[in-house]
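**Student:**
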Amino acid sequence: MLKTNNEIIVQSLGAAETVTGSKHLLKTPELAVLVDCGLFQGLKELRLRNWAKLPVDPAEIDVMLLTHAHLDHCGYIPLLVKNGYKGKIYMSPPTFELAKIILLDSAKIQEEDAEKANRGKYSKHEPALPLYTVEEAEKSFENFTVLDHNVPLNLSPNIAFQFIKNGHILGSCFIDMHCFGRKIVFSGDIGRFTSDYLAPPTFLKETEFLFMESTYGDRLHGTKDPALELAEAVFGTYSQHGNVLIPAFAVGRAQELMKILSDLKRENKVPYNLPVYLDSPMGASVTDLLQKFPDWHKLTTTECQDIYKDVIINREYEGTESIIKDKHPKVVISASGMLTGGRVLEYMKFYAPQKNNTILLVGYQGDGTRGRDLEEGKKEVKIHGNYVQVNAKVINISGLSAHGDQGEMMKWLNGFEKKPQKIFLIHGEMGSMKVFKDKIESDLKIETEIMPKTGEVELFKTS
Ligand SMILES: [Zn+2]
């Protein structure tokens, strides 16, 4: 049984002492509430955890709350439902649309990868199977339930919550919870204070317990204008007749990248005639989404339309081949962002070996991903069973990340009218969390604990 006698307990089922697989289970006498349900990505030992049975029975979880639509927060939902979860899954209106797009894409990639592995016989499993199918993803959508931001909802007599915008991606939110008279906040991923696309993370008044992400807990994004860094990288590659490959998911940061590139073109900082491709089957749906949710971002209707004017969207798989074969310099944005799968790998096979090309990393690269290998200067990556030489230039512009850096997270913490009494760090690699814990404890004098990977923490007793 997941319900407790009188204890309020949080158990990590993922994203404790690591960045992906976010799943936090709040156990109370009334309800078992799951916050996020993400896939593990990156290192093989992490990815294998997606195949392992959850340490709790999904059928015993009563309700699920989703902070945002990134795969490492929502990617496990189809399996949760397949394995017996029957409750509602609350999410904001944009997350409702995005999560459907993202999970269908994830299922499709997994089906395609399994099929490719079976054809090429490079999987150790016979036959290779997808983690979940498109049909199973669609089935899980029946549990999706929309709740707007700033609308408190009672889940049970003593548990209520509301979503509050946190500036990370379209639709992303904090979870601000009342639980038996005390307050608990789950931060989700915390966004930026410098975005032209999204409003900054909302400052909160108070909480007693805070479960906080710490992806960039040990570093700053730097003071250089990321748009100029992007312009330099694009111009430098163009002058060598090379291609710029930007691994990024088509939803989220890709919109900001497209906006910056389109502004740079207008300012003549990158060549006006340089083609920019968004190679993604869901590119078009995202434009519609921006226009459907004008209150959830800072772009005007004209700006939404403008960013797509300069971008050629490719949806079909055959199109990828002709873009790759095209000899002219170009910029290609393609998923996935950490090069863990998807079409970006097809580009990698052709672009990585050539020195005049550039691979531009714009997001967090998890431990064990091909993206992290590139970031660390590895000269070879394995793709679909073969080694691919990396002679292209690799540039990392962390200022374009959707995660706040240490300074931004401290700024957000400083915004509390009444300081949290206890912080639990989640969603970060060990080194980063240790640095961040020291920083919070020395600057803000708030007791801070790194959430244990396997264990549980008891927050309080109800009587
Ligand atoms: Zn995220």
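Each residue of the sequence shown is one higher than the one before, counting from -19 in my numbering.
Built from N, CA and C at the ideal position, the CB exists for glycine as well.
For a test of the three-state rule: what should DSSP assign to R162, helix, strand or coil?
**Tutor:** Strand.
**Student:** Quick check on this structure: which residue in H364, S381 and M431 has the alpha carbon closest to the alpha carbon of G100?
**Tutor:** Taking only the C-alpha atoms, the option nearest G100 is H364.
**Student:** What's the call for Q285, buried or exposed, on a 16-neighbour Cβ count within 10 Å?
**Tutor:** It is exposed - the Cβ of Q285 has fewer than 16 other Cβ atoms within 10 Å.
**Student:** Relative to the C-alpha of G435, which residue among P9, L23 and V36 is closest?
**Tutor:** Here the closest residue by C-alpha is V36.
**Student:** What first and last residue would you give for the alpha helix (DSSP H) that runs through E301?
**Tutor:** Counting along the chain, the alpha helix (DSSP H) containing E301 begins and ends at Y297 to K305.
**Student:** Say whether the region 210 to 221 touches the region 174 to 185, bearing in mind that this needs 3 or more beta-carbon pairs closer than 8 Å, one atom from each stretch.
**Tutor:** Judged by Cβ distances under 8 Å, the region 210 to 221 makes no contact with the region 174 to 185, as fewer than three pairs qualify.
**Student:** Please report how far the alpha carbon of H383 lies from the alpha carbon of L(-18), in whole angstroms.
**Tutor:** Approximately 32 Å between the Cα atoms of the pair.
**Student:** Mind checking whether the beta-carbon of I82 lies closer than 7 Å to any heavy atom of ligand 1?
**Tutor:** I82: no, Cβ never under 7 Å from ligand 1.
**Student:** Give the straight-line distance between the Cα atoms of F215 and I149, rounded to the nearest whole angstrom.
**Tutor:** Answer to the nearest angstrom: the Cα atoms are 28 Å apart.
**Student:** Sort out for me which residues DSSP pairs H4 with in a bridge.
**Tutor:** DSSP, once it has assigned bridges, lists S(-8) and V15 as partnering H4.
**Student:** Closest to S260 by C-alpha separation, out of P110, G322 and V311, would be which residue?
**Tutor:** Among P110, G322 and V311, the Cα nearest to that of S260 belongs to G322.
**Student:** Between which two residues does the beta strand (DSSP E) carrying Q142 extend?
**Tutor:** Its beta strand (DSSP E) spans residues I139 to K145.
**Student:** Could you tell me the distance, in whole angstroms, from the CA atom of P251 to the CA atom of L380?
**Tutor:** If I take the Cα positions, the gap works out to 21 Å.
**Student:** State the CB to CB distance for the pair L340 and V231, rounded to an integer number of angstroms; the pair is presumed to be in contact (CB under 8 Å).
**Tutor:** Rounded, the Cβ-Cβ distance is 18 Å, inconsistent with contact.
**Student:** Among all the DSSP beta bridges, which residues are the ones paired with I292?
**Tutor:** Answer is Y257.
**Student:** Quick check: I420 and L393, are their CB atoms within less than 8 Å of each other?
**Tutor:** Yes.
**Student:** Give the DSSP-derived three-state secondary structure of N30 in the structure shown.
**Tutor:** Coil, per DSSP.
**Student:** If you follow the beta strand (DSSP E) that Q369 is in, where does it begin and where does it stop?
**Tutor:** Start and end: N366 to Q369.
**Student:** Taking F229 as the reference, which of A179, I81 and Y177 has the closest Cα?
**Tutor:** Closest by alpha carbon: I81.
**Student:** If you reduce the DSSP assignment to three classes, tell me which class M262 lands in.
**Tutor:** M262 falls in the coil class under three-state DSSP.
**Student:** Which of the three DSSP states, helix, strand or coil, is assigned to Y70?
**Tutor:** Y70 falls in the strand class under three-state DSSP.
**Student:** For W276, count the other beta carbons within 10 Å of its own beta carbon; 16 or more makes it buried, fewer makes it exposed. Which is it?
**Tutor:** Burial call: buried.
**Student:** Any heavy atom of ligand 1 inside 7 Å of the beta-carbon of L158?
**Tutor:** The residue you asked about is not Leu; residue 158 is His in the sequence shown. Flag unset: Cβ of H158 not near ligand 1.
**Student:** Can you list the residues near ligand 1, meaning Cβ strictly closer than 5 Å to any non-hydrogen atom, in the order they appear in the chain?
**Tutor:** Answer in sequence order: H50 and D169.
**Student:** Taking S412 as part of the beta strand (DSSP E), name the residues at either end of that continuous run.
**Tutor:** Careful: S412 lies outside any beta strand (DSSP E), inside the alpha helix (DSSP H) at M410 to L424.
**Student:** Would you tell me roughly how many angstroms separate the C-alpha atoms of I426 and L19, rounded to the nearest one?
**Tutor:** About 31 Å.
**Student:** Run through the DSSP bridge pairs and tell me what I155 is partnered with.
**Tutor:** In DSSP, I155 forms a bridge with F143 and F166.
**Student:** Whether or not the region 169 to 177 and the region 60 to 77 are in contact is what I'm after, with contact meaning three or more pairs of Cβ atoms, one per stretch, closer than 8 Å; do they touch?
**Tutor:** Touching, no.
**Student:** Beta-carbon within less than 6 Å of L244's beta-carbon, same chain only, minus the 5 sequence neighbours each way: which residues are those?
**Tutor:** So the qualifying residues of the chain are A211 and V250.
**Student:** Would Y327 and I292 be called neighbours here (beta carbons separated by less than 8 Å)?
**Tutor:** Not in contact: Y327 and I292 (Cβ atoms no closer than 8 Å).
**Student:** Pick from L319, M238 and E298: whose alpha carbon is nearest that of E283?
**Tutor:** It is M238 whose Cα lies nearest to the Cα of E283.
**Student:** Find out if the Cβ-Cβ distance for the pair K398, L424 is shorter than 8 Å.
**Tutor:** Their beta carbons are not under 8 Å apart, which means K398 does not touch L424 by this criterion.
**Student:** What does the alpha-carbon distance come out to for the pair P180 and G147?
**Tutor:** Between P180 and G147, the C-alpha separation is close to 5 Å.
**Student:** List the residues that DSSP assigns as beta-bridge partners of M44.
**Tutor:** According to DSSP, which records beta bridges pairwise, M44 is partnered with L14 and I69.
**Student:** How would you write the range of the beta strand (DSSP E) that P227 sits in, first residue to last?
**Tutor:** Its beta strand (DSSP E) spans residues V224 to P227.
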